[in-house]
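In our numbering, the protein residues as written are 1184 to 1811.
Heads up, the beta-carbon is just placed ideally off N, CA and C, and yes, glycines get one too.
Predicted model only: the values in this text are computed from it and were never measured.
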Amino acid sequence: MPLLSHAQVARVPLGDMPVPKQLAGPPEEMPAMRAKEPAASAVISRHALLPVRFAPGQSEAQLQISAETADARVLLLPGPAQWRAQLAGTTAKAAASTASRATALAAGAEGYRAIEYRFAQLQAGPQTLRLHSDTPGARGYVLVQGDQALELASYPLHRRQRLGERMSFNAMLGARAGDDVRIANAAGSVQQATLRVVRPDGSVQEAPMFDDGQHEDAAAGDGRFGASFVPDAPGTWIAQAVVRGTDARGRAFVRTTEHVLPVLDSDLALRASTLAARQVDGRWQLQVPVQVSTGDGHYRAFAEVWGVDASGKDVAVAWIGGISQVQDGQLALGLDPRWVQRAGARAPFTLRKLRIEDPDHFIALVTAERMPLTLPALPPSQRLGTLAIDETMRMGPRPQTAQRAMPAATGARLILVHGYCSSGVWPQQQFSNASSFIDANQNRSHDAFARLLASYGSQWNSFGTVAHSQGGAAALHLYTYYWSGLDKASGARLMQSVGTPYQGTNLAGILATLGNWFGVGCGTNSDMTYDGAAAWLAGVPASARAKVNYYTTSFASTNWYTNDYCNIATDVVLNDPEDGTVEQVYAQLPGGVNRGHTVGQCHTTGMRDPAQYLDAARNATMSANAAR
1184 MPLLSHAQVA RVPLGDMPVP KQLAGPPEEM PAMRAKEPAA SAVISRHALL PVRFAPGQSE
1244 AQLQISAETA DARVLLLPGP AQWRAQLAGT TAKAAASTAS RATALAAGAE GYRAIEYRFA
1304 QLQAGPQTLR LHSDTPGARG YVLVQGDQAL ELASYPLHRR QRLGERMSFN AMLGARAGDD
1364 VRIANAAGSV QQATLRVVRP DGSVQEAPMF DDGQHEDAAA GDGRFGASFV PDAPGTWIAQ
1424 AVVRGTDARG RAFVRTTEHV LPVLDSDLAL RASTLAARQV DGRWQLQVPV QVSTGDGHYR
1484 AFAEVWGVDA SGKDVAVAWI GGISQVQDGQ LALGLDPRWV QRAGARAPFT LRKLRIEDPD
1544 HFIALVTAER MPLTLPALPP SQRLGTLAID ETMRMGPRPQ TAQRAMPAAT GARLILVHGY
1604 CSSGVWPQQQ FSNASSFIDA NQNRSHDAFA RLLASYGSQW NSFGTVAHSQ GGAAALHLYT
1664 YYWSGLDKAS GARLMQSVGT PYQGTNLAGI LATLGNWFGV GCGTNSDMTY DGAAAWLAGV
1724 PASARAKVNY YTTSFASTNW YTNDYCNIAT DVVLNDPEDG TVEQVYAQLP GGVNRGHTVG
1784 QCHTTGMRDP AQYLDAARNA TMSANAAR
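Listed below in structure tokens is the structure:
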């Protein structure tokens, strides 16, 4: 598979796009609907993912790692080759205690073969790992688990991931010991920091990271390191911060963080600096003039409408947004006049914090901080008075058919939805009046996944969902942005999910890094990274989140001194408690209904504990309470 193709999410034709909703909400929701600062969703690591390249014609290689404790866990990720490992200079007693076993670093069907080594009775400090490959000139990675008390955090300074736009990163240390938290220089001493960048074609470039106050790294000597690069090709780039040094106790360490960076080649631009709305069927339509050479695509857009009160002071009216398709050089946003009535606002009006994003990665392609806005006059009967917010104000008018139903569409259904790079995981016989959505082993953005789900659900007049993993995010995306049978369903719980990474998973960055070199698997999905998930959630209002009932699970604990896990490989990169793919803390949906956490269940079959979607009792509860 070509390296670039695996990095792209599968696209769904625009002709299959359901009718978009015209979203809006009150001023108190504005902060939640704004784009988030990337630092808030920094990647935090206690591991090191280190590249290995065997010289041409050579089957032996060495790698410098750090033993931070007497026991070390090392995962070899050799791709198609066969590797063996040993530590140089270990005692006979330590060598005899070395153990290895085969495993896999995986999420769903997306996985990479791994060999785990456990080295015991080591002297803390730098170690030389000797590797042997049956394939000369091979390349791959070694994943090393570090002391859990020392963390590396890194983040991009912005998400304007467009061709030719400089991407800058910061990285800094953190240390935890009970309630004692230390950051930057107080956590340790950095001796070397490097930004390793993997291009879409798999080639690598490196740049030193500096703490000199001249590389967007804040103040010189403050322990925050910075570096940047300029992407010169579209596709998925990987940025990896590699930091070596000593912790506060003088022990050597190495840490890495992995960032997935889809870089877009888009020439979308605004064609005007002022806007005017027109009346359409009792509503106001804001036509945003844009120009783009790639045709009439669809985008996610958000903005805030402001006016002034009777004294001339600024007053917030509403946020507006949703999915919109460019037609005749215009991107339309809807506004119900009752929002202006509710706010008691009057001219002059302004449109603020406009952002237009691509629908697959939620990267801002166009932004405008403030634009003068002309609105039609309110009828005298609507100029004063408060009123309750209803569905039409929040989502726009329902189309004549609330879904693009097939001619023979009839009845109500519960749709069982699988996740990323997966298939029919739900035992359908444990649910009543249910059908399984199948899009086997595919990599879809939330938007593409949601549109496929809408198409499948169009054979029924109404439906609810029970979803696993990414399927839960896809269902929420569908309900948020498009009219479908979800909007006609009746019952207690409209959308239910188990094991959905609503706030992302660190595993997404690791798998993307491996996939960029090995070129196998389902591919990279930026929507499930920490910052990708944060960007997505910044456009999902609280009213939609409240329709989700979700469950989380994690591995069973044997005793206090045993290292328990769901997957021995992913345990190295995920923080406990976790289900082998998703950490419990990042499986939370703020504003959703948390139905509880179950111990002793893992994300999928093949892990140590039973798969979370096979819990017959929970499935019966979800079936009984599901909307249809």
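Evaluate H1660 with the Cβ neighbour count: other Cβ atoms within 10 Å of its Cβ, from every protein chain shown; 16 or more gives buried, anything less gives exposed. In the sequence shown, residue 1660 corresponds to position 477, counting from 1. H1660 should be labelled buried.
Under a three-way DSSP split, which group does M1711 fall into? Numbered from 1 along the sequence shown, position 528 holds the residue referred to as residue 1711. Of the three classes helix, strand and coil, the one that applies to M1711 here is helix, per DSSP.
In the region 1532-1580, which residue ranges form an unbroken alpha helix (DSSP H) of at least 4 residues, counting only runs that do not cross its ends? Scanning the region 1532-1580 for uninterrupted alpha helix (DSSP H) segments of 4 residues or longer gives 1574-1578, listed from N- to C-terminal end.
V1325 to A1271 span [Cα, whole Å]: Along the sequence shown, one-based indexing puts residue 1325 at 142. Along the sequence shown, one-based indexing puts residue 1271 at 88. C-alpha separation (whole angstroms): 16 Å.
Using the beta-carbon count (16 or more within 10 Å), is K1204 buried or exposed? The sequence position of residue 1204 within the sequence shown is 21, counting from 1. Within 10 angstroms of the beta-carbon of K1204 lie 16 or more other beta-carbons, which makes it buried.
Could you pull the start and end residues of the beta strand (DSSP E) that Q1679 belongs to? Counting from 1 along the sequence shown, the entry for residue 1679 is found at position 496. That run of the beta strand (DSSP E) goes M1678 to V1681.
Any 3 or more C-beta pairs closer than 8 Å across the region 1234-1249 and the region 1572-1581: Contact fails between the region 1234-1249 and the region 1572-1581, because fewer than three Cβ pairs, one in each stretch, are under 8 Å apart.
Exposed or buried, what is D1430 when buried is set at 16 or more other beta-carbons lying within 10 Å of its beta-carbon? Here residue 1430 is taken as the residue at index 247 of the sequence shown, counted from 1. Buried, because 16 or more other Cβ atoms sit within 10 Å of the Cβ of D1430.
The beta strand (DSSP E) spanning R1236 covers which residue range? Counting from one through the sequence shown, the residue named residue 1236 turns up at place 53. Unbroken beta strand (DSSP E) run through R1236: H1230 to R1236.
Any idea if R1676 is buried or exposed, counting beta-carbon neighbours within 10 angstroms, 16 or more meaning buried? Along the sequence shown, one-based indexing puts residue 1676 at 493. With a 10 Å radius around the Cβ and a threshold of 16 neighbouring Cβ atoms, R1676 comes out buried.
Tell me which same chain residues have a C-beta within less than 7 Å of the C-beta of S1228, skipping the five on either side of it? Here residue 1228 refers to the residue found at position 45 when the sequence shown is read from its first residue. Cβ neighbours of S1228 beyond the five flanking positions: E1334, L1335, R1438, T1439 and T1440.
Using the DSSP secondary-structure output, state which residues sit across from V1350 in a beta bridge. Here the question's residue 1350 lines up with position 167 in the sequence shown. Looking at the sequence provided, one finds Met at residue 1350 rather than Val. According to DSSP, M1350 bridges with F1412.
With a CB to CB cut of under 7 Å and the five nearest residues on each side skipped, what residues in its chain are close to R1801? Stepping through the sequence shown from its first residue, residue 1801 is reached at position 618. Around R1801: Y1734.
Excluding five sequence neighbours on each side, which residues of the same chain lie with their C-beta closer than 8 Å to the C-beta of I1621? Looking up residue 1621 in the sequence shown gives position 438. Here the set comprises H1601, S1606 and G1607.
Helix, strand or coil: how does DSSP classify P1309 here? Looking up residue 1309 in the sequence shown gives position 126. Residue state for P1309 is assigned as strand, using DSSP reduced to three classes.
Simplified DSSP state of E1212, which is helix, strand or coil: On the sequence shown, position 29 is the one that residue 1212 refers to. Of the three classes helix, strand and coil, the one that applies to E1212 here is helix, per DSSP.
Is V1756 helix, strand or coil by DSSP? In the sequence shown, counting from the first residue as 1, residue 1756 sits at position 573. Residue state, collapsed to three classes: coil.
Between the beta-carbon of S1814 and the beta-carbon of Q1625, is there less than 9 Å? With the chain running from 1184 to 1811 in the structure shown, residue 1814 is simply not present.
So, D1457 versus A1752, is the Cβ gap smaller than 9 Å? Position 274 of the sequence shown, counted from the first residue, corresponds to residue 1457. Position 569 of the sequence shown, counted from the first residue, corresponds to residue 1752. Contrary to the premise, residue 1457 reads as Thr rather than Asp in this sequence. No; because the gap between Cβ atoms is not below 9 Å, this pair is not in contact.
Where the beta strand (DSSP E) containing W1489 begins and where it ends: Within the sequence shown, residue 1489 is the residue found at index 306, counting from 1. Residues H1481 to V1491.
Check the DSSP bridge columns for P1795 and list the partner residues they point to. Locating residue 1795 in the sequence shown gives position 612, counting from the first residue. Here residue 1795 is Gln; the residue named in the question, Pro, does not match the sequence. Looking at the DSSP assignment, Q1795 forms no beta bridge with any residue, so it has no partner.
Touching by the beta-carbon criterion (3+ pairs, under 8 Å), the region 1478-1493 and the region 1534-1542: In short, these stretches touch, since the Cβ pair count reaches three.
Return the first residue and the last residue of the alpha helix (DSSP H) that Y1664 is part of. Taking the sequence shown and counting its residues from 1, the one referred to as residue 1664 is at position 481. Taken as a continuous stretch (DSSP letters only), the alpha helix (DSSP H) holding Y1664 covers Q1653 to Y1664.
Whose C-beta lies closer than 6 Å to the C-beta of Q1613 among residues of the same chain, with five residues either side of it excluded? Looking up residue 1613 in the sequence shown gives position 430. The beta carbon of Q1613 lies closer than 6 Å to those of A1799 and N1802 in the same chain, with the five residues before and after it left out.
May I ask you to list the residues that DSSP assigns as paired with R1596? Walking along the sequence shown from the start, residue 1596 turns up at place 413. Answer by DSSP bridge pairing, in chain order: F1646.
Rounded to the nearest angstrom, what separates R1587 and E1487 at their Cα positions? One-based indexing of the sequence shown puts residue 1587 at position 404. One-based indexing of the sequence shown puts residue 1487 at position 304. Caution applies to R1587, whose pLDDT of 49 falls short of 50 and renders its modelled position unreliable; the value that the coordinates give is listed next. Taking the straight line joining both Cα atoms gives about 30 Å.
Taking 6 Å as the limit between beta carbons, can you name the residues of its chain near V1776, skipping five residues before and five after? Along the sequence shown, one-based indexing puts residue 1776 at 593. Result list for V1776: N1732, in chain order.
Give me the residue from A1354, L1340 and M1355 with the minimum Cα distance to E1348. As a first step, residue 1348 is located in the sequence shown; it is residue number 165 there, counting from the start. The closest CA to that of E1348, considering only A1354, L1340 and M1355, is found on L1340.
Classify Q1388 as buried or exposed, calling it buried when 16 or more other Cβ atoms lie within 10 Å of its own Cβ. Residue mapping note: residue 1388 aligns to position 205 of the sequence shown, counting from 1. With fewer than 16 Cβ atoms within 10 Å of its Cβ, Q1388 is classed as exposed.
From L1720 to A1225, what distance separates their C-alpha atoms? Position 537 of the sequence shown, counted from the first residue, corresponds to residue 1720. Position 42 of the sequence shown, counted from the first residue, corresponds to residue 1225. Each residue's alpha carbon lies about 15 Å from the other.
Using only alpha-carbon positions, find the residue among L1797, P1760, Y1713 and L1697 that is nearest to L1260. Taking the sequence shown and counting its residues from 1, the one referred to as residue 1260 is at position 77. It is L1697.
Taking 9 Å as the threshold (C-beta atoms), are V1473 and R1454 in contact? On the sequence shown, position 271 is the one that residue 1454 refers to. On the sequence shown, position 290 is the one that residue 1473 refers to. Yes, the Cβ-Cβ distance between R1454 and V1473 is below 9 Å.
Can you give me the start and stop residues for the alpha helix (DSSP H) that V1381 sits inside? Here residue 1381 refers to the residue found at position 198 when the sequence shown is read from its first residue. Where V1381 is concerned, there is no enclosing alpha helix (DSSP H), although the beta strand (DSSP E) it sits in stretches over G1371 to V1381.
Roughly how many angstroms separate the alpha carbons of A1809 and G1674, rounded to a whole number? Working through the sequence shown from its first residue, we reach residue 1809 at position 626. Working through the sequence shown from its first residue, we reach residue 1674 at position 491. For A1809 and G1674, the distance between alpha carbons rounds to 6 Å.
Measure from the alpha carbon of E1212 to the alpha carbon of each residue in Y1300, T1804, T1764 and A1499, then state which is nearest. Here residue 1212 is taken as the residue at index 29 of the sequence shown, counted from 1. When C-alpha distances from E1212 are compared across Y1300, T1804, T1764 and A1499, the shortest belongs to A1499.
From which residue to which residue does the alpha helix (DSSP H) around Y1639 run? As a first step, residue 1639 must be located in the sequence shown, where it is residue number 456. For Y1639, the enclosing alpha helix (DSSP H) begins and ends at H1629 to G1640.
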